[in-house]
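Numbered according to the working numbering, the sequence shown spans residues 30 to 221. To start, the structure under review is shown below, and the notes come after it.
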Amino acid sequence: MLPLALIAVLLSCTYGQTAIEKDPTKVCFPDTLQFVTFNLNTDEAGIEAVDFKRNMLGSVTPSRTLVQDYNARKTYLLSADGNCQVFDIPEDTIFTKCLPARAVFVGEANWGFAPNLLPEDGWQFSYNGGELRVLVTKQPGQPRYIMMSKFVEANGNYTVTMYLNPSVTITQANIFDVPKQCASKCPPSIEL
């Protein structure tokens with residue numbers, strides 16, 4: 030009985046130590062990223078890019094264009110019918126270069142098929158009134174990328190997005206441009 034109890038204690042200490050050693054603030058992304066995105070809920074594909082030096086995020090799908098300016102703390106959402114909405118960005122919705130300190134390590138996973146498995150870490154943190162889970166690559170010597178996310182809203186609705194073909198080069202030069210239809214709704218500091 031004593032050896033079994035000792036094994037249980039050692040396992041819990043080892044697991045606890047592993048979880049403690051995972052510092053989310055050390056999980057950082059390249060200065061610029063671009064992805065092909067695929068929303069598993071709607072089957073809609075698009076392009077998404079982030080520039081951490083400019084503090085901008087842009088996303089284009091067939092149904093909408095989204096630009097987030099973290100300096101102005103504004104989101105510009107242009108629907109396919111030309112309607113523009115502008116929202117303030119809550120503090121917990123800003124996509125930062127490194128995972129936030131509030132992120133909790135939830136486990137490890139592998140992406141792909143042997144022998145070419147891509148190791149990943151899973152993280153969860155509060156985001157825009159809900160919870161966001163992300164799988165982040167951890168291949169030695171390679172930049173970190175988000176491969177998949179699941180956003181669960183406070184009401185239980187969720188969105189699952191895959192991030193494919195990651196690149197540190199942004200080929201969509203105008204992806205951060207605030208849509209012209211939103212010009213009248215821009216704060217004076219925003220240049221179109």
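All C-beta atoms in this analysis are idealised placements derived from N, C-alpha and C, irrespective of residue type, glycine included.
- Taking 8 Å as the cut-off, the Cβ atoms of I175 and V165 count as close.
- Beta-bridge partners of G87 (DSSP): A78 and V96.
- Excluding the 5 residues flanking it on each side, E182 has same chain C-beta neighbours closer than 6 Å at G159, in chain order.
- The three-state reading of DSSP puts P195 in strand, counting E and B together.
- When the alpha-carbon of F67 is set against those of L193, V207, N184 and S213, the nearest one is in L193.
- Contact check between the stretch 132 to 152 and the stretch 91 to 102: fewer than three CB pairs, one atom from each, fall below 8 Å, which does not count as touching.
- Per the C-alpha coordinates, the member of A101, D72 and R102 positioned closest to P91 is D72.
- A138 and V163 have their C-alpha atoms roughly 11 Å apart.
- The beta-carbon distance between I76 and Q168, rounded to whole angstroms, is 23 Å. This is too long to meet the 8 Å contact definition.
- When the alpha-carbon of V65 is set against those of M177, Q210, Y187 and A109, the nearest one is in M177.
- Beta-bridge pairing by DSSP links E160 to S155 and V181.
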